[in-house]
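Residue 117 in full-length UniProt numbering sits at position 117 of the sequence shown; the count goes up by one each step and never skips.
Cβ coordinates follow ideal geometry from the N, Cα and C atoms, glycine included.
Below is one structure; the comments refer to it alone.
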Amino acid sequence: MASSDAEMAVFGEAAPYLRKSEKERIEAQNKPFDAKSSVFVAHPKESFVKGTIQSRESGKVTVKTEAGETLTVKEDQVFSMNPPKYDKIEDMAMMTHLHEPAVLYNLKERYAAWMIYTYSGLFCVTVNPYKWLPVYNPEVVLAYRGKKRQEAPPHIFSISDNAYQSLDFLEKDHRAISYCAIWKAKLNLFFLFYCFQTCSSLPPTLTISIS
Numbered sequence: 001m002a003s004s005d006a007e008m009a010v011f012g013e014a015a016p017y018l019r020k021s022e023k024e025r026i027e028a029q030n031k032p033f034d035a036k037s038s039v040f041v042a043h044p045k046e047s048f049v050k051g052t053i054q055s056r057e058s059g060k061v062t063v064k065t066e067a068g069e070t071l072t073v074k075e076d077q078v079f080s081m082n083p084p085k086y087d088k089i090e091d092m093a094m095m096t097h098l099h100e101p102a103v104l105y106n107l108k109e110r111y112a113a114w115m116i117y118t119y120s121g122l123f124c125v126t127v128n129p130y131k132w133l134p135v136y137n138p139e140v141v142l143a144y145r146g147k148k149r150q151e152a153p154p155h156i157f158s159i160s161d162n163a164y165q166s167l168d169f170l171e172k173d174h175r176a177i178s179y180c181a182i183w184k185a186k187l188n189l190f191f192l193f194y195c196f197q198t199c200s201s202l203p204p205t206l207t208i209s210i211s
């Protein structure tokens, strides 16, 4: 769900690290785009690159890349591109075309803007920034408190708050699972930090398990 710049002000200096600005969203919506010819193409050195289809013949596709290189590849090495309005999308499950290059490019573009949290359906994908970002400031904790997942940008605090809400209202144990050993310790700390800042007490018979 998109928020206006005024609504994002509650996140303080973290706002540009969490969601695209109104200006950026408008520019993306108005950007020219040809759905039939705009594609990702497999590249021998860069995995996938963006390009424009020049021709199709005998099961082969000729693509001109953004760098000006011409590649001729098999049909299964060409992937449809999503419209610009999906650039830096917060939940990749919402993409029109969901495939490897679309996922990789979305994560790359979000990371370039230091948007390190991205949803993929039920999962929250985190890319380690290897530096401190203001996305854990006190005002950010307050901004996520009581928010449903779809009401705020992707964040470990959203996962934390939803876990707490399940404990408090559904009376069910909750588990948060991290799949990256290197980044897991920090995510666990952020998860617990949010809980300690937000939760005055937990029901004595319920637990939050982090693994």
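Own chain partners of residue i with C-beta closer than 7 Å, once the 5 adjacent residues on each side are dropped
i	result
R25	A2
D5	S21 and E22
Beta-carbon proximity of residue i to residue j, cut-off 8 Å
i	j	result
T96	Y86	yes
K88	E66	no
Y119	T126	no
F40	A102	yes
Y51	K64	Strictly speaking, residue 51 in this sequence is Gly, with Tyr absent from that position. Their beta carbons are under 8 Å apart, which means G51 touches K64 by this criterion.
S38	M81	yes
T70	K60	no
Short CB-CB distance (under 8 Å) between residue i and chain B
i	result
H43	The structure shown contains no chain B; it holds only a single protein chain.
Nearest-angstrom Cβ-Cβ length linking residue i and residue j, presumed shorter than 8 Å
i	j	result
N162	R149	6 Å
E139	F11	7 Å
E134	A14	The residue asked about is misnamed: residue 134 is Pro in this sequence, not Glu. That pair is a contact at about 5 Å.
M115	L18	7 Å
Residue i in three-state terms, based on DSSP
i	result
F157	helix
D91	strand
M127	One point to set straight first is that residue 127 is Val, not Met, in the sequence displayed. Three-state DSSP puts V127 in coil, outside helix and strand.
L170	Low confidence applies here, because L170 scores a pLDDT of 48, under 50, leaving its location unreliable; read the following figure in that light. In the structure shown, L170 sits in a helix (DSSP, three-state: H, G or I).
Contacting residues, own chain, Cβ-Cβ under 8 Å from residue i (five flanking each side not counted)
i	result
F48	F40, V41, A42, F79, E100, P101, L104 and Y105
I'd like the ranges of any beta strand (DSSP E) spanning at least 3 consecutive residues and lying wholly in the UniProt domain "Myosin N-terminal SH3-like" (34–83). As far as the UniProt domain "Myosin N-terminal SH3-like" (34–83) is concerned, its whole beta strand (DSSP E) runs of at least 3 residues are 38–43, 47–57, 60–65, 70–74 and 78–80.
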